[in-house]
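Asks:
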Amino acid sequence: MVSSKAFRIFGDYVLALYFPANGLTVAQRLRCALPLLLIEHLVYQVDAITEGARAVDLDTARNQDYVALHEYKAKFVALLRRMRAYNDAVAKQIEAAEQYVRIENRVTSNGVLGHAEAMRLAELRPSDVRLLHGMVFALLRQPVDDHLLRLLWPVEVLADLANDLAHYPRDLVDKKFNTYAVFVKLYGAEAPTRMRAEIERYEAMFRAELERFPRARQMKLASLCAKRYGKLTSAIPAPLPQDGYLSPIWTEVP
C-alpha cells in the first residue's frame with residue numbers, strides 16, 4: 001500500500017512541477033506515473049532503518065543498521081535497472097540520499113551541528129524528489145535536461161525550507177530535524193533574519209538560472225516554481241522555546 005506521504009510528494013512535485021516543467025504529453029505522464037509513485041513509496045522504507053539507528057553513528061559503527069542500509073541500496077538500484085529507470089542523474093541522487101542519511105545520523109547521534117552542515121542537509125534532503133525527476137528522463141528514453149535540473153535545484157531547497165517553516169512547532173514536539181529549529185538553537189532571536197538571508201540567497205540562484213532560458217519559457221517556469229515555496233516562505237515564525245530539542249550539544253562549526 002502506497003503511503004499518504006508518497007502520494008503527497010508525488011502530487012506536489014511530479015504532477016505539479018516536473019511533468020509540466022518538462023512539457024510532457026498525457027501519454028508520457030501516464031507512462032511515468034506508476035513507476036514514480038512506486039519508487040517514492042519505497043524511498044520511505046529506508047526511514048525505518050535510520051530511525052532505529054539515531055543513537056548510532058553509521059560512519060563509525062558497522063552494525064545491523066549499516067548492513068541493512070547497504071543491502072537496501074543494492075536492491076533499490078537493481079529494481080531501478082530492471083524498470084529501465086536508471087541513469088546518471090538517478091545514480092547521483094541515490095548517492096546524495098545516502099550522504100544525507102549519514103550526515104543526519106551523525107548529527108542526531110553526536111549532537112553537534114553548525115550553520116554550514118545544517119544548510120548542507122537542507123540541500124541534500126530533496127534528493128528523493130530529484131531522483132524522481134531523473135527517472136522521468138530514463139523512463140522516456142530521453143537525455144537528461146541538465147539546464148532544467150540546475151534551475152530546479154534551488155527551488156527544491158526553498159521548498160524544503162518552506163516545509164520546515166510550516167512544520168516548525170510540530171517538529172519541535174516530535175523532535176524531528178528541522179533547519180529553522182537549528183537556526184533558533186544557533187542564533188536565538190536572530191534566527192528569522194538568518195533564515196531570510198538563506199531564502200534570498202537561493203532565490204537569487206534560481207533567478208540567475210532562469211535568465212538562461214528563452215524568455216517565452218521563463219514566465220511559465222517562474223510560475224510553476226513559485227507555487228512550491230512562495231507563500232510558505234513569505235513569513236518566518238517567531239522562535240519558540242526549544243529546551244531539549246534533539247540534543248543539548250550544539251556548536252557553530254566553522
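Counting in full-length UniProt numbering, the sequence shown runs from 1 upward without gaps. Just so it is clear, CB atoms sit at the ideal spot from N, CA and C, and this is done for glycine as well.
1. So the alpha helix (DSSP H) T179 belongs to, where does it begin and stop?
2. Would you mind giving the Cβ-Cβ distance between L172 and T233, rounded to the nearest angstrom? I have them listed as a contact below 8 angstroms.
3. In the DSSP assignment, find the unbroken alpha helix (DSSP H) run with E203 in it and report its ends.
4. Nearest to L80 by alpha carbon, out of E40, D145 and L186?
5. Could you pull out every residue in the same chain whose Cβ sits closer than 6 angstroms to the Cβ of F7, ignoring the five residues on either side in sequence?
6. How should L34 be labelled, buried or exposed, when 16 other C-beta atoms within 10 angstroms of its C-beta is the threshold for buried?
7. Between the alpha carbons of E117 and Y13, how many angstroms are there, rounded?
8. Should G134 go down as buried or exposed, given a rule of 16 or more other Cβ atoms within 10 Å for buried?
9. Return the CA-CA distance between N105 and R215, expressed in angstroms with no decimal places.
10. In angstroms, rounded to a whole number, what distance separates the CA positions of L224 and G188?
11. Would A85 and L152 qualify as a contact pair, given that the criterion is a beta-carbon distance under 8 angstroms?
12. Which same chain residues, not among the five before or five after E252, have their C-beta less than 8 angstroms away from its C-beta?
13. How big is the Cα-Cα spacing for H70 and I94?
14. Just to confirm my understanding: we take V107, look at its own chain, exclude 5 residues before and 5 after, and list those with CB closer than 6 angstroms. What are they?
15. Looking at C-alpha atoms only, which residue of L15, A68, P20 and L161 is the closest neighbour of M119?
16. Apply the 10 Å Cβ neighbour rule to P143 and answer buried if 16 or more other Cβ atoms are within range, or exposed otherwise.
17. Could you pull out every residue in the same chain whose Cβ sits closer than 7 angstroms to the Cβ of Q242, ignoring the five residues on either side in sequence?
18. Decide if R127 is buried, meaning its Cβ has at least 16 other Cβ atoms within 10 Å, or exposed.
19. Count the other CB atoms within 10 Å of the CB of V26; is the residue buried (16 or more) or exposed (fewer)?
20. Got a sec, what are the start and stop residues for the alpha helix (DSSP H) residue 255 sits in?
Replies: Walking through what the data contain:
1. Residue mapping note: residue 179 aligns to position 179 of the sequence shown, counting from 1. Looking at the DSSP string, the run of the alpha helix (DSSP H) that includes T179 is T179 to Y187.
2. Working through the sequence shown from its first residue, we reach residue 172 at position 172. Working through the sequence shown from its first residue, we reach residue 233 at position 233. L172 to T233, Cβ: 19 angstroms. No contact.
3. Locating residue 203 in the sequence shown gives position 203, where the first residue counts as 1. Run containing E203: A191 to L210, per the alpha helix (DSSP H) assignment.
4. Looking up residue 80 in the sequence shown gives position 80. Nearest of E40, D145 and L186 to L80, Cα basis: E40.
5. The residue you call residue 7 lines up with position 7 of the sequence shown. Correct list: empty, nothing qualifies.
6. Numbered from 1 along the sequence shown, position 34 holds the residue referred to as residue 34. Classification of L34: exposed, given that the 10 Å Cβ count is below 16.
7. For the purposes of this step, residue 117 is taken as the residue at position 117 of the sequence shown. For the purposes of this step, residue 13 is taken as the residue at position 13 of the sequence shown. Going from the Cα of E117 to the Cα of Y13 covers about 25 angstroms.
8. In the sequence shown, the residue the question calls residue 134 occupies position 134. So G134 counts as buried.
9. Position 105 of the sequence shown holds residue 105. Position 215 of the sequence shown holds residue 215. Answer to the nearest angstrom: the Cα atoms are 43 angstroms apart.
10. By one-based count along the sequence shown, residue 224 stands at place 224. By one-based count along the sequence shown, residue 188 stands at place 188. If I take the Cα positions, the gap works out to 34 angstroms.
11. As a position in the sequence shown, residue 85 is number 85, starting the count at 1. As a position in the sequence shown, residue 152 is number 152, starting the count at 1. Not in contact: A85 and L152 (Cβ atoms no closer than 8 angstroms).
12. Position 252 of the sequence shown, counted from the start, is the residue given in the question as residue 252. Reliability of the predicted coordinates at E252 is poor, the pLDDT of 46 falling under 50, and the value obtained from them is presented with this limitation in mind. Result list for E252: G114, H115 and L186, in chain order.
13. For the purposes of this step, residue 70 is identified with residue 70 of the sequence shown, where counting begins at 1. For the purposes of this step, residue 94 is identified with residue 94 of the sequence shown, where counting begins at 1. Straight-line Cα distance between these residues: approximately 12 angstroms.
14. Residue mapping note: residue 107 aligns to position 107 of the sequence shown, counting from 1. Counting only Cβ-Cβ distances below 6 angstroms, and skipping sequence neighbours, we find L113.
15. As a position in the sequence shown, residue 119 is number 119, starting the count at 1. Closest option to M119, Cα to Cα, is L161.
16. To locate residue 143, count along the sequence shown from 1; it is residue 143. Exposed: under 16 other Cβ atoms inside 10 Å.
17. Taking the sequence shown and counting its residues from 1, the one referred to as residue 242 is at position 242. Hits under 7 angstroms: L172, A181, V184 and K185.
18. The count along the sequence shown starts at 1 and reaches residue 127 at position 127. The sequence as given places Ser at residue 127; Arg does not occur at that position. Counting Cβ neighbours within 10 Å, S127 comes out buried, since at least 16 surround it.
19. For the purposes of this step, residue 26 is taken as the residue at position 26 of the sequence shown. It counts as exposed.
20. Only positions 1 to 254 of the chain appear in the structure, and residue 255 is not among them; the question remains open.
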